[in-house]
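Worksheet for the structure shown next.
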Amino acid sequence: MAGTLENTNTKIMQLKHQKLLQHRAYVDGQFIDSLNGKTFAVFNPFNQKEVTQVADCGVVETKMAIDAANRAFSKWRNKTGIERSKILRRWYNLQLKHLEDLAVILTIEQGKPLKEARGEIKYGASFVEWFAEEAKRVYGDTILGHRSDKRIIVLKQPVGVVGAITPWNFPSAMITRKVAPALAAGCPVIIKPSELTPLSALALAVLAEEAGIPAGIFNIITTSQPEAVGLELCTNPTIRKISFTGSTKVGKILLRQSAESVKKVSMELGGNAPFIVFDDADLDKAVKGAIASKFRNAGQTCICTNRFFIQKNSYTPFIEKFSKAVQKLTLGNGLDEQVEIGPMITETAIYSVEKIVEDAVQKGANIVCGGRRILSNNSLFYPVTILSDVNPSMNVFKEEIFGPVAPVFKFETEAEVIQLANDTSYGLASYFYGRDHARIWRVAEALEYGMVGINTGMISTSVAPFGGIKESGFGREGSKYGMDDYLEMKYLCWGGVE
Ligand code: SIN
14 MAGTLENTNT
24 KIMQLKHQKL
34 LQHRAYVDGQ
44 FIDSLNGKTF
54 AVFNPFNQKE
64 VTQVADCGVV
74 ETKMAIDAAN
84 RAFSKWRNKT
94 GIERSKILRR
104 WYNLQLKHLE
114 DLAVILTIEQ
124 GKPLKEARGE
134 IKYGASFVEW
144 FAEEAKRVYG
154 DTILGHRSDK
164 RIIVLKQPVG
174 VVGAITPWNF
184 PSAMITRKVA
194 PALAAGCPVI
204 IKPSELTPLS
214 ALALAVLAEE
224 AGIPAGIFNI
234 ITTSQPEAVG
244 LELCTNPTIR
254 KISFTGSTKV
264 GKILLRQSAE
274 SVKKVSMELG
284 GNAPFIVFDD
294 ADLDKAVKGA
304 IASKFRNAGQ
314 TCICTNRFFI
324 QKNSYTPFIE
334 KFSKAVQKLT
344 LGNGLDEQVE
354 IGPMITETAI
364 YSVEKIVEDA
374 VQKGANIVCG
384 GRRILSNNSL
394 FYPVTILSDV
404 NPSMNVFKEE
414 IFGPVAPVFK
424 FETEAEVIQL
434 ANDTSYGLAS
444 YFYGRDHARI
454 WRVAEALEYG
464 MVGINTGMIS
474 TSVAPFGGIK
484 ESGFGREGSK
494 YGMDDYLEMK
504 YLCWGGVE
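This is the structure in structure tokens:
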């Protein structure tokens with residue numbers, strides 16, 4: 014394991030744009046303390062040391078932000094798409110200009126390796142670039158009237174004030190992925206970042222202000238009371254749209270809360286991704302894809318592979334190659350350049366991974382590598398772990414692991430593996446490797462998932478529609494479809510055209 018403790022403070026002192034490290038919430042164009050002066054601590058998951066204290070806002074500050082957003086709404090929506098596009102483009106340029114600082118802040122609060130943090134900042138910025146373009150391309154329709162004196166026109170209009178609730182695993186990109194289409198469509202936003210990772214959100218606010226996003230259009234409520242702030246966002250009638258990325262359990266609560274005022278809602282929830290390797294696959298490429306899809310962010314993404322299904326003849330060679338490759342991965346402080354796997358986010362996260370592995374082992378799984386928490390330096394490290402001889406009775410088959418554990422199942426036929434892969438209430442990402450073209454079509458069509466990676470373990474991009482089906486949620490982020498969630502459709506029926 015690699016890493017040094019002093020690294021954190023040195024890196025903070027070396028930020029080129031010192032203002033990016035903020036500790037106050039951002040409401041109506043101002044960085045503000047909470048009204049009662051309370052703060053909460055943000056910790057570095059590598060050493061569990063406090064990085065800084067951040068304003069602990071509540072319902073009152075959330076209402077202030079909603080009112081500010083509502084006041085600012087009409088001016089923002091009345092700008093032309095081209096005007097909004099220019100502002101978004103400036104925000105994008107600033108994110109790239111300050112990429113290194115943003116990545117360091119992200120790693121310090123989240124733990125992921127710097128290389129991945131840089132990747133996240135670029136990925137997040139790509140949504141801003143994409144939607145800066147889409148801001149200019151909101152099209153309606155004209156429809157032939159149903160009577161000779163009628164004309165029908167379809168308009169797309171901004172939905173209104175948006176509440177965005179974002180997770181700790183992508184503290185920057187999950188904000189831009191929601192905010193960029195909202196702003197492009199003409200909607201103001203109130204963001205509630207995870208209490209574990211508010212610093213990346215605040216850094217984005219600094220750059221939003223520098224880019225010229227007007228006061229009230231981009232607000233951030235930092236809080237250690239996510240339930241209270243979430244409830245206000247979901248029930249306040251001024252908020253017209255909720256966008257959430259997080260667990261299915263919390264998503265269901267937010268859906269119920271949003272139902273009362275019948276809000277437009279999009280939900281990017283949990284997953285239980287299968288990764289299927291057929292006997293005709295290129296095994297070396299499959300192993301590469303397996304590592305990318307499983308160990309990104311120490312296994313803490315919604316689209317990480319949860320279950321590997323390997324066809325009978327490839328089972329043993331796949332495990333051999335996979336375990337050889339993963340044991341070369343370097344764990345440690347994400348701030349050290351050579352590190353490839355960082356710590357997990359919290360003690361609770363480690364505990365739930367430990368439980369899942371324990372359950373599998375008790376029911377007969379074999380630990381090929383890893384399998385036991387690394388106890389050193391007060392750190393939150395779980396080693397990359399491969400489990401063989403797993404079966405569907407184990408919790409690894411049903412539950413989202415959200416950690417660096419790879420259970421490897423054996424299958425014989427295509428029909429069997431499709432049934433196993435779809436035997437889950439989730440439907441976010443899925444992956445498979447094979448060469449037979451007819452089978453590629455059949456399997457891609459049969460998988461009940463919103464996203465399918467074919468001969469690749471990396472599917473995330475701003476140009477494609479990201480999202481799930483079943484209990485993984487609804488709505489799509491990114492691509493030409495990403496604006497739809499922030500636009501209402503209105504039809505004009507124009508009569509008397511004699
Ligand atoms: C997520 O884990 O929610 C997002 C992953 C991604 O965008 O690649």
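291 is the number that the working numbering gives to position 278 of the sequence shown; each next residue is one higher, with no gaps. Idealized CB from N, CA, C, for every residue including glycine.
Evaluate residue 507 with the Cβ neighbour count: other Cβ atoms within 10 Å of its Cβ, from every protein chain shown; 16 or more gives buried, anything less gives exposed.
Position 494 of the sequence shown, counted from the first residue, corresponds to residue 507. Result: exposed.
Just mark residue 499 as buried or exposed, buried being the case when its beta carbon has 16 or more other beta carbons within 10 Å.
Your numbering for residue 499 matches position 486 in the sequence shown. The residue is buried, with at least 16 neighbouring Cβ atoms inside 10 Å.
DSSP puts residue 272 in a beta bridge; with which residues?
Counting from one through the sequence shown, the residue named residue 272 turns up at place 259. BP columns for residue 272 are empty, so no partner.
Verify the contact flag: residue 484, CB atom, against every heavy atom of ligand 1, threshold strictly below 8 Å.
As a working mapping, residue 484 is identified with position 471 in the sequence shown. No, the beta carbon of residue 484 sits no closer than 8 Å to any heavy atom of ligand 1.
What residues in its chain sit with their C-beta under 7 Å from that of residue 317, if we drop five residues either side in the sequence?
Locating residue 317 in the sequence shown gives position 304, counting from the first residue. The answer, listed in chain order, is 286, 306, 307 and 309.
Can you find the residues in the same chain that come closer than 6 Å, C-beta to C-beta, to residue 249, ignoring five residues on each side of it along the sequence?
By 1-based counting over the sequence shown, the position of residue 249 is 236. Cβ neighbours of residue 249 beyond the five flanking positions: 79.
Report the start-end ranges of each beta strand (DSSP E) in the stretch 334 to 416 that is 3 residues or longer and not cut off at the edges.
Complete beta strand (DSSP E) runs here, min 3: 379 to 382 and 398 to 401.
Which residues in the same chain have their Cβ closer than 7 Å to the Cβ of residue 210, if we skip the five residues on either side of it in sequence?
Sequence index remark: in the sequence shown, residue 210 carries index 197 (1-based). Answer for residue 210: 122, 123, 181 and 184, listed in chain order.
Compare the C-beta of residue 403 with all C-beta atoms of chain D and state if any pair is closer than 9 Å.
No chain D appears in the structure shown, which is made up of a single protein chain.
Please identify the residue among 88, 426, 165 and 347 whose C-alpha is closest to the C-alpha of residue 325.
For the purposes of this step, residue 325 is identified with residue 312 of the sequence shown, where counting begins at 1. Ranked by how close their Cα comes to the Cα of residue 325, the residues 88, 426, 165 and 347 have 426 in first place.
With which residues is residue 504 paired in a DSSP beta bridge?
The sequence position of residue 504 within the sequence shown is 491, counting from 1. Beta-bridge pairing links residue 504 to 167.
Below 8 Å, is the gap between the Cβ of residue 320 and the nearest heavy atom of ligand 1?
Within the sequence shown, numbered from 1, the residue matching residue 320 stands at position 307. Result no, Cβ not under 8 Å from ligand 1.
Is the beta carbon of residue 462 within less than 8 Å of some heavy atom of ligand 1?
Position 449 of the sequence shown, counted from the start, is the residue given in the question as residue 462. Result no, Cβ not under 8 Å from ligand 1.
Work out the CA separation of residue 396 and residue 16 for me, nearest whole Å.
As a working note, residue 16 is residue 3 in the sequence shown. As a working note, residue 396 is residue 383 in the sequence shown. For residue 16, the predicted model reports a pLDDT of 47, less than 50, meaning its position is unreliable and no value from the coordinates is stated.
Mind reading off the beta-carbon distance from residue 438 to residue 483? Whole number of angstroms is fine, and I expect it under 8 Å.
Here the question's residue 438 lines up with position 425 in the sequence shown. Here the question's residue 483 lines up with position 470 in the sequence shown. So it is a contact: roughly 6 Å between Cβ atoms.
Check the C-beta distance from residue 446 over to residue 299 and give it rounded, since I have them as a contact under 8 Å.
The residue labelled residue 446 in the question sits at position 433 within the sequence shown. The residue labelled residue 299 in the question sits at position 286 within the sequence shown. With a Cβ gap of about 4 Å, residue 446 and residue 299 count as contacting.
Mark residue 265 as exposed unless 16 or more other C-beta atoms lie within 10 angstroms of its C-beta, in which case mark it buried.
Walking along the sequence shown from the start, residue 265 turns up at place 252. Exposed, because fewer than 16 other Cβ atoms sit within 10 Å of the Cβ of residue 265.
Does DSSP classify residue 475 as helix, strand or coil?
As a first step, residue 475 is located in the sequence shown; it is residue number 462 there, counting from the start. Correct three-state label for residue 475: coil.
Go to residue 157, then tell me how far its alpha helix (DSSP H) extends in each direction, as first and last residue.
The residue given as residue 157 occupies position 144 in the sequence shown. It is not in any alpha helix (DSSP H) - residue 157 instead sits in the beta strand (DSSP E) that spans 154 to 157.
Residue 23 in three-state terms, based on DSSP
On the sequence shown, residue 23 is found 10 positions in, with the first residue counted as 1. The answer is helix: DSSP assigns residue 23 an H, G or I state.
Residue 26 CB to nearest heavy atom of ligand 1 below 8 Å
If you number the sequence shown from 1, residue 26 lands on position 13. For ligand 1, not one heavy atom lies less than 8 Å from the Cβ of residue 26.
Can you give me the C-alpha to C-alpha distance between residue 202 and residue 140, rounded to a whole angstrom?
The residue labelled residue 202 in the question sits at position 189 within the sequence shown. The residue labelled residue 140 in the question sits at position 127 within the sequence shown. Whole-angstrom Cα-Cα distance: 16 Å.
Apart from the five residues on each side of it in sequence, which residues of its chain come closer than 6 Å, Cβ to Cβ, to residue 216?
Numbered from 1 along the sequence shown, position 203 holds the residue referred to as residue 216. Cβ within range, chain order: 33, 115 and 118.
For residue 430, which of 419, 460, 163 and 156 has the nearest alpha-carbon?
Counting from 1 along the sequence shown, the entry for residue 430 is found at position 417. It is 460.
Going by beta carbon distance, what residues of the same chain come within less than 7 Å of residue 413, once the five residues before and after it are set aside?
Working through the sequence shown from its first residue, we reach residue 413 at position 400. Around residue 413: 283, 284, 285 and 319.
Whole angstroms is fine: what's the gap from residue 260's alpha carbon to residue 405's?
Taking the sequence shown and counting its residues from 1, one reaches residue 260 at position 247. Taking the sequence shown and counting its residues from 1, one reaches residue 405 at position 392. Taking the straight line from one Cα to the other gives about 22 Å.
Taking 6 Å as the limit between beta carbons, can you name the residues of its chain near residue 136, skipping five residues before and five after?
What you label residue 136 is simply residue 123 of the sequence shown in a count that begins at 1. Close CB contacts of residue 136 within its chain, under the 6 Å cut and outside five residues either way in sequence, are with 186 (chain order).
Between the Cα of residue 423 and the Cα atoms of 289, 88 and 393, which residue gives the shortest distance?
Looking up residue 423 in the sequence shown gives position 410. Checked all of 289, 88 and 393; the closest Cα to residue 423 is 289.
Alpha-carbon spacing of residue 101 relative to residue 112, whole angstroms
If you number the sequence shown from 1, residue 101 lands on position 88. If you number the sequence shown from 1, residue 112 lands on position 99. Per the coordinates, the alpha-carbon of residue 101 lies some 16 Å from the alpha-carbon of residue 112.
By how many angstroms is the C-alpha of residue 267 removed from the C-alpha of residue 258?
Working through the sequence shown from its first residue, we reach residue 258 at position 245. Working through the sequence shown from its first residue, we reach residue 267 at position 254. Between residue 258 and residue 267, the C-alpha separation is close to 11 Å.
For the alpha helix (DSSP H) that contains residue 248, what are its first and last residues?
Position 235 of the sequence shown, counting from 1, holds the residue named residue 248. Run containing residue 248: 239 to 248, per the alpha helix (DSSP H) assignment.
For residue 95, does the count of other Cβ atoms within 10 angstroms reach 16, so buried, or fall short, so exposed?
Here residue 95 refers to the residue found at position 82 when the sequence shown is read from its first residue. Per the 10 Å Cβ criterion, exposed.
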